[in-house]
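In case it helps, our numbering puts the sequence shown at residues 33 to 295. Think of the CB as a built atom: it goes at the ideal place given N, C-alpha and C, for glycine as much as any other residue. Given the structure is predicted, the values throughout are model-derived calculations rather than measurements.
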Amino acid sequence: MGVNARTPLIAGNWKMNLDHLQAVAFVQKLHWTLKDAKFEEGSVEVAVFPPFTDIRSVQTLIDADKIPFALGAQDISTHDSGAYTGEVSGAFLSKLQCGYVIIGHSERREYHNETDEVVAAKTRAALKHGIVPVICVGETAEDLEKHGASAVPVAQLAAVLDGLDKKSDIVVAYEPVWAIGSGQAATPQQAQDVCAALRGVIAEKLGADAAARTRVLYGGSVKAANIASFMREPDVDGALVGGASLVVDEFAAIARYQKHVGV
Ligand code: 13P
Numbered sequence: 033m034g035v036n037a038r039t040p041l042i043a044g045n046w047k048m049n050l051d052h053l054q055a056v057a058f059v060q061k062l063h064w065t066l067k068d069a070k071f072e073e074g075s076v077e078v079a080v081f082p083p084f085t086d087i088r089s090v091q092t093l094i095d096a097d098k099i100p101f102a103l104g105a106q107d108i109s110t111h112d113s114g115a116y117t118g119e120v121s122g123a124f125l126s127k128l129q130c131g132y133v134i135i136g137h138s139e140r141r142e143y144h145n146e147t148d149e150v151v152a153a154k155t156r157a158a159l160k161h162g163i164v165p166v167i168c169v170g171e172t173a174e175d176l177e178k179h180g181a182s183a184v185p186v187a188q189l190a191a192v193l194d195g196l197d198k199k200s201d202i203v204v205a206y207e208p209v210w211a212i213g214s215g216q217a218a219t220p221q222q223a224q225d226v227c228a229a230l231r232g233v234i235a236e237k238l239g240a241d242a243a244a245r246t247r248v249l250y251g252g253s254v255k256a257a258n259i260a261s262f263m264r265e266p267d268v269d270g271a272l273v274g275g276a277s278l279v280v281d282e283f284a285a286i287a288r289y290q291k292h293v294g295v
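Now the structure itself:
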């Protein structure tokens with residue numbers, strides 16, 4: 033694990049899974065599991081990103097039971113309000129105490145044609161409403177072959193950070209598209225190399241202070257058995273977890289990576 037002041041962030045991107053009743057049961061169970069395991073709140077930040085329809089229920093539970101999890105959304109509108117059928121404003125998310133929002137996930141880039149311009153506009157919308165954007169970047173297998181690992185994610189991040197206020201509070205997630213849901217995670221060294229390159233982009237665009245304080249996550253087939261190996265890398269500050277974030281024991285074990293030796 034790197035020696036730095038950044039609090040590790042273990043984030044569960046549920047994608048389109050779990051309805052609001054399942055979400056409440058899941059968050060309760062995750063909380064009890066971590067409590068039973070004497071998980072030290074504050075040593076690692078745990079965040080869940082449920083579908084929109086679950087957010088109010090999860091927020092109410094977190095609030096009532098004082099559960100130490102952060103809450104995030106999986107998308108945000110570029111607009112504040114108005115005639116945009118189906119869109120969800122950052123103003124509404126912020127009222128629901130969403131501290132984070134995932135922006136530019138490869139599934140949105142691919143299935144909803146989200147360009148770097150859209151990702152940049154959504155990032156500005158999040159910041160405007162006091163929500164920390166979790167900006168996702170990553171290369172496809174084809175990009176990897178053609179341009180190497182870091183060229184595409186570096187260009188994607190540079191396009192989003194251009195013109196942002198240097199004090200902006202952001203999180204960056206490196207998610208190689210070929211590693212998402214494939215069971216084939218990047219190696220810790222690959223993750224480290226790209227995360228370090230992304231930190232370089234943050235330094236270039238937002239300055240050294242921002243680079244030192246911003247958390248850069250790795251995502252793509254993260255599980256309890258490999259999390260510790262990623263977290264040992266100095267520029268990997270956490271993980272954005274998909275499939276394994278839907279299994280209570282597995283996600284709890286990922287959050288508790290400091291307690292197991294890992295591989
Ligand atoms: P998996 O952990 O299922 O590979 O998904 C990663 C991801 O896309 C998280 O945003």
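Ordered list of beta strand (DSSP E) runs contained in the segment 89-147, each at least 3 residues: Listed in chain order, the complete beta strand (DSSP E) runs (minimum 3 residues) inside the segment 89-147 are 101-105 and 132-135.
Paired residues, beta bridge with Leu-41 - DSSP: Residue mapping note: residue 41 aligns to position 9 of the sequence shown, counting from 1. Answer is Glu-77 and Gly-270, bridged to Leu-41.
Residues that Gly-251 bridges to, as DSSP identifies them: Locating residue 251 in the sequence shown gives position 219, where the first residue counts as 1. Its beta-bridge partners are Leu-272.
Exposure of Ala-287, with buried meaning 16 or more beta-carbon neighbours within 10 Å: On the sequence shown, position 255 is the one that residue 287 refers to. That one is buried.
Alpha carbon of Gly-294 to alpha carbon of Ala-285, nearest angstrom: Taking the sequence shown and counting its residues from 1, the one referred to as residue 294 is at position 262. Taking the sequence shown and counting its residues from 1, the one referred to as residue 285 is at position 253. Since pLDDT at Gly-294 reaches only 47, below the 50 mark, its modelled position is unreliable, and no value is offered.
For Val-382, three-class secondary structure by DSSP: Here the chain covers residues 33 to 295 and nothing more, so residue 382 does not appear.
Own chain partners of Leu-125 with C-beta closer than 8 Å, once the 5 adjacent residues on each side are dropped: Taking the first residue of the sequence shown as position 1, residue 125 is located at position 93. Closer than 8 Å at the Cβ level, and outside the excluded window around Leu-125, lie Ile-87, Ala-105, Ile-108, Val-133, His-161 and Ile-163.
The segment 69-76 touching the segment 107-121, judged by at least three CB pairs closer than 8 Å: No, because fewer than three Cβ pairs between the segment 69-76 and the segment 107-121 fall closer than 8 Å, the two stretches do not touch.
Alpha carbon of Asp-51 to alpha carbon of Leu-249, nearest angstrom: As a position in the sequence shown, residue 51 is number 19, starting the count at 1. As a position in the sequence shown, residue 249 is number 217, starting the count at 1. Their backbone Cα atoms lie some 26 Å apart in a straight line.
Residue burial classification, Trp-64 (beta-carbon count within 10 angstroms, cutoff 16): Numbered from 1 along the sequence shown, position 32 holds the residue referred to as residue 64. Exposed: under 16 other Cβ atoms inside 10 Å.
Three-state secondary structure assigned by DSSP to Val-279: Locating residue 279 in the sequence shown gives position 247, where the first residue counts as 1. Coil.
Classification of Asp-267 by the beta-carbon crowding that lies within 10 angstroms, buried from 16 upward: Taking the sequence shown and counting its residues from 1, one reaches residue 267 at position 235. Asp-267 sits buried, since 16 or more C-beta atoms from the chains shown fall within 10 Å of its C-beta.
Near the ligand 13P: Val-169 beta-carbon under 7 Å from a heavy atom: By one-based count along the sequence shown, residue 169 stands at place 137. No, the beta carbon of Val-169 sits no closer than 7 Å to any heavy atom of the ligand 13P.
Distance cut-off 7 Å: His-144 Cβ against heavy atoms of the ligand 13P: Start at 1 with the first residue of the sequence shown, and residue 144 comes out as number 112. Between the ligand 13P and His-144, a heavy atom-to-CB distance of less than 7 Å is absent.
Gln-91 versus Ala-69, Ala-115 and Gly-131, residue with shortest Cα-Cα distance: Taking the first residue of the sequence shown as position 1, residue 91 is located at position 59. Residue Gly-131 is the option with its Cα nearest to Gln-91.
Any heavy atom of the ligand 13P nearer than 6 Å to the CB - residues listed: Every residue passing the under-6 Å Cβ criterion appears here: Asn-45, His-137, Glu-207, Ile-212, Gly-213, Gly-251, Gly-252, Ser-253, Val-254, Leu-272, Val-273, Gly-274, Gly-275 and Ala-276.
Sub-8 Å separation of Gln-221 and Ala-181 beta-carbons: Taking the first residue of the sequence shown as position 1, residue 221 is located at position 189. Taking the first residue of the sequence shown as position 1, residue 181 is located at position 149. No; because the gap between Cβ atoms is not below 8 Å, this pair is not in contact.
Whole runs of the alpha helix (DSSP H) within the segment 182-268, excluding any shorter than 4 residues: Taking only runs of at least 4 residues, the alpha helix (DSSP H) segments lying wholly in the segment 182-268 are 183-193, 220-238, 240-245 and 259-263.
Beta-carbon spacing of Ala-79, Gly-122 below 8 Å: As a first step, residue 79 must be located in the sequence shown, where it is residue number 47. As a first step, residue 122 must be located in the sequence shown, where it is residue number 90. By the CB criterion at 8 Å, Ala-79 and Gly-122 fall outside the cutoff.
Touch test, the segment 162-178 against the segment 195-204, Cβ-Cβ under 8 Å, three pairs minimum: Yes, the segment 162-178 touches the segment 195-204.
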